[in-house]
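See below for the structure under consideration.
Protein chains: 2
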Amino acid sequence: MKRKIYIENMPLEKATALFEQRLEEADCYHIKAEEITVSNSLGRITASPVYARRSSPHYISSAMDGIAVKASSTAGATEVNPVTLKADDFFEVDTGDYIPAQFDAVIMIEEVNFINETAQIIKAAVPWQHIRSVGEDIVTYDMLIPSFTRIGPYEVASLITAGVNTLNAIKKPIVGIIPTGTELVDRGSEEMAPGLIVESNSHMLKALCEEWGAVALRHEIVIDDREQIRRAIEEMTPQADIIIVCSGSSAGREDYTASLLEEMGELIVHGLAVRPGKPAILGLIEQKPFIGVPGYPVSADLIFGLFAKPLIYKMQGLLPPPMPELECNAARKMPSPMGVDDFINVSIVKIAERYHCFPLVKGAGITTSLVKSDGVLCIKRGMEGLQAGDNCIVTLRQPLNVIDESIITIGSHDLSIDILADILQKRYGLRLISINAGSMGGIFSLRRKETHFAGLHLLDYETGGYNVSYVQKYLSGDNWLLINLVKRDQGLIIQKNNPLNISSLKDLKNPQIRYINRQNGSGTRILLDYLLEKEDIRPQEINGYNREEYTHLAVAASIKNGASDTGLGIYSSARALNLDFIPITREQYDLCILPQLFSTVNLERLYTAILSDEFKDRIMAIGGYNLDSTGQIITSNNI
Amino acid sequence: MKRKIYIENMPLEKATALFEQRLEEADCYHIKAEEITVSNSLGRITASPVYARRSSPHYISSAMDGIAVKASSTAGATEVNPVTLKADDFFEVDTGDYIPAQFDAVIMIEEVNFINETAQIIKAAVPWQHIRSVGEDIVTYDMLIPSFTRIGPYEVASLITAGVNTLNAIKKPIVGIIPTGTELVDRGSEEMAPGLIVESNSHMLKALCEEWGAVALRHEIVIDDREQIRRAIEEMTPQADIIIVCSGSSAGREDYTASLLEEMGELIVHGLAVRPGKPAILGLIEQKPFIGVPGYPVSADLIFGLFAKPLIYKMQGLLPPPMPELECNAARKMPSPMGVDDFINVSIVKIAERYHCFPLVKGAGITTSLVKSDGVLCIKRGMEGLQAGDNCIVTLRQPLNVIDESIITIGSHDLSIDILADILQKRYGLRLISINAGSMGGIFSLRRKETHFAGLHLLDYETGGYNVSYVQKYLSGDNWLLINLVKRDQGLIIQKNNPLNISSLKDLKNPQIRYINRQNGSGTRILLDYLLEKEDIRPQEINGYNREEYTHLAVAASIKNGASDTGLGIYSSARALNLDFIPITREQYDLCILPQLFSTVNLERLYTAILSDEFKDRIMAIGGYNLDSTGQIITSNNI
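So the protein sequences, as listed, match chains A and B. Quick note on this note's numbering: the first sequence kicks off at 59 and runs consecutively. Quick note on this note's numbering: the second sequence kicks off at 59 and runs consecutively.
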C-alpha cells in the first residue's frame with residue numbers, strides 16, 4: 059500500500075522567497091506584449107508608453123461665440139469711430155469652430171453690431187485674441203499613458219482623441235489549470251452516486267484568474283493515474299504561462315504531482331507550514347511557474363492567493379491591489395497549532411463602534427466559509443491562538459462599507475431568518491449575517507452583546523410557555539425586547555412514504571431506526587428531551603442520540619440522503635426536501651432584540667421587514683407556519 | 059439666426075430630487091431579471107435568492123484516514139482482548155471517502171493492526187465516530203446567496219457544489235447612446251480636415267457603463283438635424299433602458315434634444331447650476347430615463363457620473379460603491395463663481411505627510427484632465443473658491459495607494475521627464491506627476507516645497523551659465539541638490555523644407571512670419587529675450603510674440619498644423635513631429651531636487667532611473683541631446 063511521500067513543513071516566508079528567487083532566475087516574470095486595438099483596450103495594461111499621434115484640437119479654433127477677423131482690419135476701431143467689416147472680412151463662429159487661415163482673432167458676439175450683411179466693430183482686436191491653440195488638450199507626441207498602466211474609460215477617450223488606433227498591451231498571463239481526481243465529475247445530478255464530487259475548484263480558480271487579469275485554460279478532469287496526469291501536464295505546459303495542478307479532495311493524491319514535477323521539471327517546495335494548504339507544491343517546468351494546489355477548496359483558495367495572485371499581477375507589470383486591514387475583537391476563542399501560519403476565514407460585524415469577528419465553520423472542504431468570508435485572519439507561526447476578546451488584525455475580503463451595513467443574528471435557525479435576510483438585502487442593501495448556535499447559544503450571545511438579535515424557541519418545562527422565563531433569567535440586567543416571529547410545527551421528519559412505519563416518538567426505541575439529533579442547547583434538543591421524559595424514553599435507547607446536526611435542514615438532508623431515518627425538526631424543512639412529517643407540537647419562535655445595539659434606521663428596517671406582506675407571503679408559501687402574532691411584542695425589559 | 063432656447067440654472071440637489079422622483083413615479087427603477095447559467099454568472103447580480111439543490115457532501119464520509127466498521131462489531135475490544143475483523147467487516151477509507159451503508163463508524167488508521175487480510179482493533183468504536191455528516195458544507199435548500207448579491211469566484215464554486223445550474227440574475231441595464239454633431243467623425247486620420255472632431259464621448263460613456271455593470275448600445279453618429287435626431291431617439295428607445303443623447307461639442311446643439319424631448323416625452327430639467335455641464339438635460343421618454351449629455355468630454359463625464367451612474371446601479375439593485383474622500387491642501391488658488399457647484403479635477407501628491415492637490419488644466423474639452431485626475435473637488439454653490447493653502451475635501455478617483463506611490467515634478471518640461479516617468483512606473487510602480495510651469499514656475503514651487511524636484515534651464519545673462527545663480531538666489535535657505543539631466547539643442551523649429559526661408563532670428567521681424575512664443579517664466583522665453591536683446595530685436599516687431607504655448611511640443615504642434623510658422627524650442631520636439639530645425643544654442647537642463655521631501659527609497663529610485671542605461675538609450679534615440687554629464691551633481695546647498 060503506497061502511502062504519502064515525505065512532505066516538508068516549510069515556513070511560508072522561506073517558501074515564498076525560495077519560489078520567487080527561482081522564478082526570477084528562470085526569468086518567469088518576463089513581460090509579454092501584444093498589439094491590440096483601442097476598441098478592445100478597456101481594462102488592459104500598457105506594455106510601453108503610448109504617444110499621441112494627432113493634436114487635439116488639431117486646428118486653431120474659437121474660444122468664444124463671435125466673429126473671426128483679421129486683427130489688422132479692425133485697427134483703430136472705437137465707439138466713436140467704429141470699423142465696419144464687409145461680409146468677406148469676417149466669419150461667424152461658435153465656440154470650438156475652426157478659424158480659417160486668413161483670420162487671426164475673434165471678437166465676442168456681444169461686441170458686434172450686425173447691420174445688414176456687415177459687422178460693426180467698436181474696439182480694435184489684438185492679434186490672436188480669443189483663439190484657442192492647436193493641441194490645447196493633446197499635442198502630437200505627448201506621452202499619453204506610461205507603461206504598465208491600466209486603460210480605463212478616460213484613457214479610451216483620450217486615445218481616440220489622440221488618433222491612436224492600436225497600442226502595445228501586456229498579454230494577459232495564461233493560467234493552465236488541470237483538475238485531477240478519480241472521484242471528480244464535471245456535472246452532478248440531484249441523484250448522483252455517493253462518493254462522487256462535482257469538480258468546482260478549477261472554476262473557482264478560473265474566476266479568480268479573470269478577476270486578477272489573467273486568462274485560464276481548463277484541462278478536462280484527469281483521473282488519479284500517473285501517466286494520464288503526466289500527459290495532461292505535457293499538453294498544458296506549452297500553452298500556458300503558469301501551470302496549476304489541482305489535486306482531488308482526498309488525501310495523498312498530490313503525491314503524483316510532486317513526483318512527476320521532480321521528473322519533468324524542478325520541485326522547489328513540497329509542503330508548507332500553513333493551515334489549510336499544507337500539501338502545496340511549488341516548482342518550475344520548462345522555465346514556467348508550476349503550482350500544485352491542494353484539493354480542498356479553502357486550501358486551494360489560500361495557496362492560489364498566496365502564490366498565483368502575486369505572480370499573475372507581476373506578469374502584468376503590476377502589484378496586487380493592497381488588501382485593507384481592520385482591527386477586530388475576536389468574538390470567539392480561536393485555538394491554533396504553534397507550528398503553522400493559520401489562516402481563518404471570519405465574518406465581521408460592527409456592534410457599538412467595535413468590529414467583532416467570528417470564525418467561520420472550519421474545515422478545508424467548506425466552500426460556504428469562502429462565500430461568507432468577510433476577511434482572513436492569520437495566526438502566525440509560533441503564536442498560540444486567540445482568546446475571545448483579543449484584538450486581532452483581519453485582512454478584508456469585503457469592502458468596509460458592506461461590513462458597516464451589516465447586522466447579525468446568532469441563535470436558533472429558522473427558514474424565516476433567511477427570508478428576512480433576503481428582504482433586508484433587497485430593500486435596504488442591509489446584510490444580515492446569521493450564525494446558527496441554537497437557542498441557548500443565542501441567549502449567551504445576547505448576554506455578551508455580540509449579536510443584534512437572536513432567534514429563540516426555548517420551552518419552559520414548568521410553564522409550557524416559550525422563551526420568556528429564559529430571557530428573564532439570563533438577561534435580567536439588560537434592555538431587551540421579545541417579539542414573536544412565527545409559530546411553527548415541530549415533529550418527526552421521515553422518509554417519503556414512511557418505509558419504516560414510524561408513527562410516534564416511541565418508535566425511536568427500535569435500534570433499526572437511525573435517529574439524527576440536534577446539538578445540545580438547541581431548542582429542538584430541549585424539546586426532544588422534554589418529550590422523551592414525558593414518554594419515559596431514555597436517550598441511550600435511541601440509535602443516533604449522539605449524532606448531532608446544527609440546523610433543521612441538516613437533519614432533513616441526512617434523512618433525505620439515507621444517512622439516517624428520522625429526526626425531530628420543523629415542518630418547513632421536511633417540506634423543502636420533499637420528505638414526510640409527523641407533527642408533534644406547535645412551538646413559538648421569537649426574536650429577542652437588543653435595541654440599544656441597533657441604529658434607529660436599522661431597527662426600523664428590521665421591523666418593517668418583519669411586518670411586510672412580502673415576508674408573510676413568502677413564509678406562508680412554505681407551509682407549517684402560523685403568523686397570527688408575528689411582530690407582536692411579547693414582553694420587554696427596560697432598565 | 060436661431061440662438062439658444064431658455065436654459066435654467068437649476069441647483070444640483072433640486073434637479074437630482076426632481077429627476078429621481080419622476081423616475082420613481084414612472085417605475086423606472088423596476089428590476090428586470092433573466093435566467094443565466096452558472097458558467098456565465100461571474101460578476102452578475104442575483105435577482106432572487108439562490109437555494110442549494112444538492113447537499114455537499116451528499117453522502118456520509120470519513121473524517122479520517124482509517125477503516126469503516128459497524129460499531130457494534132467492535133464491542134468490547136481492548137488492548138488485552140482485541141477484536142479481529144474479517145475482510146468483509148471493514149473497509150479501508152481515506153479522509154472524505156464514502157462510508158457504505160452497512161458501516162456506522164471509522165477507526166483511525168493509527169489504531170488498526172493489519173494482520174494478513176484482517177484488522178485488529180484494540181478499542182471499541184462509538185457509533186458514528188469520525189463520520190462526517192451529509193451536508194457538512196451545504197444542505198439542500200440552504201439559501202446560498204440572497205437577492206441583489208454579486209456572484210464572485212467563491213459563489214461560482216459554491217453554486218457548482220450545490221448542484222445549481224442556472225439562476226435568476228438581474229438583467230444588465232441597456233444604455234442607448236446617441237452621439238450627435240455634424241462636426242463628428244468616427245475615425246480620424248493624421249491629416250484630417252480642420253474643424254472635424256473624432257467622436258470619443260460615446261466610447262468613454264460605453265466604457266463607464268461596462269465598469270458600472272451596464273451594457274451600452276451605441277447609435278451611429280447623427281448630424282445636427284432635428285428630424286434625424288428624432289429618428290435616432292425613436293429607434294433607440296424601444297431597445298434601451300436608459301436613453302442618452304450626446305451633444306456635439308459646439309455650443310447650442312443640445313437645443314434640438316431638449317425641444318425633441320418636450321415633444322416626444324417629458325423634459326424635466328434643462329440646465330443645471332454646475333460647472334462644467336450646465337446644458338445637461340434630464341427627462342423621461344416612454345417611461346424610460348433620458349439624459350442629454352453635453353458635448354465637452356469633461357462635462358459629459360460629470361453629468362453621466364451624477365445622473366447615469368446611480369441609475370445604472372439602482373437598476374441592478376445596488377448602490378454605487380462609495381467613493382473615498384481625502385483631505386488635501388489646495389496647492390493653487392481655485393477661484394469659483396458663486397452660483398454653481400464647481401467640479402474641478404485635481405492631481406494629488408503627498409509631500410511631508412500632507413496631501414497637496416493641484417487643479418488640472420481647466421476647460422471642459424480637455425480629455426487629459428480626466429486621464430490625469432486623481433480626484434474631483436467640488437466647490438459648492440455659494441462658496442467663493444479656494445485660496446492656495448486652504449484645506450479641501452477631494453473625492454478620489456484613484457486608489458489611495460497609487461496616490462501614495464507618487465512623486466511630482468513642477469517646472470520646465472523636457473521629453474526626458476516623460477521617459478523618466480515611464481521608467482519609474484515600469485520598474486517600481488512609482489508614478490511621476492509632471493506639471494509644466496516653466497523654469498521659474500519650478501523655482502517657486504521648490505520654494506513652496508510643493509514639488510519633489512523641478513526641471514530648470516535658466517540662463518544667467520551675466521555669467522552665461524545655467525541655473526546655479528537662480529537656485530542660489532531663490533532657494534538660499536533650503537537644502538537642495540542641482541544635478542544635470544541632459545544638455546540639449548535649442549533653435550528655431552520650422553516647417554519641413556523651410557518654405558518661408560527662415561535662416562536666423564532676424565527673420566522674425568518679417569510680419570508675414572507668424573511666431574509662436576513660450577510663456578513668461580519659461581527657460582525658453584528667457585533665452586529668447588536674451589537672444590533678441592543681443593540681436594537688437596524688439597518684441598513688438600515679432601508677429602505672435604504674445605501668443606504663448608506651455609511646452610516645446612505645443613510649439614512644434616502649432617507649426618506642424620500650420621497655425622504658426624516658427625518658434626524657439628528644442629530639437630527633440632522638432633524631430634518628434636518631423637519638422638525642420640535651425641540650431642541656435644546648446645543649453646543645460648538640470649534637475650533641482652529637494653532631498654528632504656523624498657523617502658530614501660524613492661530618491662534612490664530616481665537616481666537609479668536617471669543613471670540607467672535604459673534612460674540614456676531612449677534619450678539618445680530621440681536625438682538633439684548630450685548626456686556627458688547626466689546625473690552629475692553640479693552644486694548643492696546643505697543647511
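Heads up, the beta-carbon is just placed ideally off N, CA and C, and yes, glycines get one too.
So is residue i buried or exposed if we call it buried at 16+ other beta carbons inside 10 Å?
i	result
residue 500 (chain B)	buried
residue 123 (chain A)	buried
residue 561 (chain B)	exposed
residue 446 (chain A)	exposed
residue 693 (chain A)	exposed
residue 155 (chain A)	buried
residue 455 (chain A)	buried
residue 164 (chain A)	buried
residue 172 (chain A)	exposed
residue 669 (chain A)	exposed
residue 634 (chain B)	buried
Against chain B, with Cβ distances strictly below 7 Å, would residue i count as a contact?
i	result
residue 186 (chain A)	yes
residue 556 (chain A)	no
residue 691 (chain A)	no
residue 195 (chain A)	yes
residue 672 (chain A)	no
residue 651 (chain A)	no
residue 549 (chain A)	no
residue 62 (chain A)	Here the model assigns residue 62 (chain A) a pLDDT of 45, short of 50, so the residue's position is not dependable, and the following value carries that caveat. Residue 62 (chain A) does not count as touching chain B.
For chain A, is any of its Cβ atoms less than 7 Å away from the one on residue i?
i	result
residue 280 (chain B)	no
residue 635 (chain B)	yes
residue 175 (chain B)	no
residue 630 (chain B)	no
residue 398 (chain B)	no
residue 206 (chain B)	yes
residue 65 (chain B)	no
residue 107 (chain B)	yes
residue 459 (chain B)	yes
residue 192 (chain B)	yes
Would a C-beta distance cut-off of 7 Å place residue i and residue j closer than the cut-off?
i	j	result
residue 448 (chain B)	residue 513 (chain B)	no
residue 114 (chain A)	residue 200 (chain A)	no
residue 289 (chain B)	residue 314 (chain B)	no
residue 453 (chain B)	residue 429 (chain B)	no
residue 709 (chain A)	residue 466 (chain A)	The requested residue 709 (chain A) is not part of the displayed model; chain A covers only 59 to 697.
residue 573 (chain A)	residue 549 (chain A)	no
Near-chain B residues of the stretch 473 to 494 of chain A (beta-carbon distance less than 7 Å), N- to C-terminal order: Here the close residues are 476, 479, 480, 483, 484 and 487.
Hey, is the stretch 224 to 234 of chain A in contact with the stretch 265 to 282 of chain A, meaning 3+ C-beta pairs nearer than 8 Å? With the cut-off at 8 Å, the stretch 224 to 234 of chain A and the stretch 265 to 282 of chain A touch.
Is the stretch 473 to 481 of chain A touching the stretch 196 to 214 of chain B in the sense that three or more CB pairs, one from each, lie closer than 8 Å? Touching, yes.
Count Cβ pairs between the stretch 395 to 404 of chain B and the stretch 279 to 298 of chain B that sit closer than 8 Å; are there 3 or more? Because the criterion of three Cβ pairs below 8 Å is not met, the stretch 395 to 404 of chain B and the stretch 279 to 298 of chain B do not touch.
Counting pairs of Cβ atoms below 8 Å between the stretch 502 to 519 of chain B and the stretch 638 to 652 of chain B, do you hit three or more? Yes, the stretch 502 to 519 of chain B touches the stretch 638 to 652 of chain B.
Determine which residues of the stretch 422 to 448 of chain A have a Cβ less than 8 Å from any Cβ of chain B, and write them out in chain order. Within the stretch 422 to 448 of chain A, contact with chain B at the beta-carbon level (separation under 8 Å) is assigned to 423, 424, 425, 426, 428, 429 and 431.
On the three-pair Cβ rule with 8 Å, is the stretch 65 to 81 of chain B touching the stretch 174 to 194 of chain B? In this structure the stretch 65 to 81 of chain B does not lie against the stretch 174 to 194 of chain B, because fewer than three pairs of beta carbons, one per stretch, are closer than 8 Å.
Cβ contact check for the stretch 93 to 107 of chain B and the stretch 220 to 228 of chain B: 3 or more pairs under 8 Å: Because the criterion of three Cβ pairs below 8 Å is met, the stretch 93 to 107 of chain B and the stretch 220 to 228 of chain B touch.
Cβ contact check for the stretch 655 to 665 of chain A and the stretch 584 to 595 of chain A: 3 or more pairs under 8 Å: Result no; under three Cβ-Cβ pairs closer than 8 Å.
Under 7 Å, CB to CB, which of the residues in the stretch 109 to 137 of chain A have a partner in chain B? Within the stretch 109 to 137 of chain A, 111, 112, 113, 116, 117, 118 and 123 place their CB atoms closer than 7 Å to a CB of chain B, listed in sequence order.
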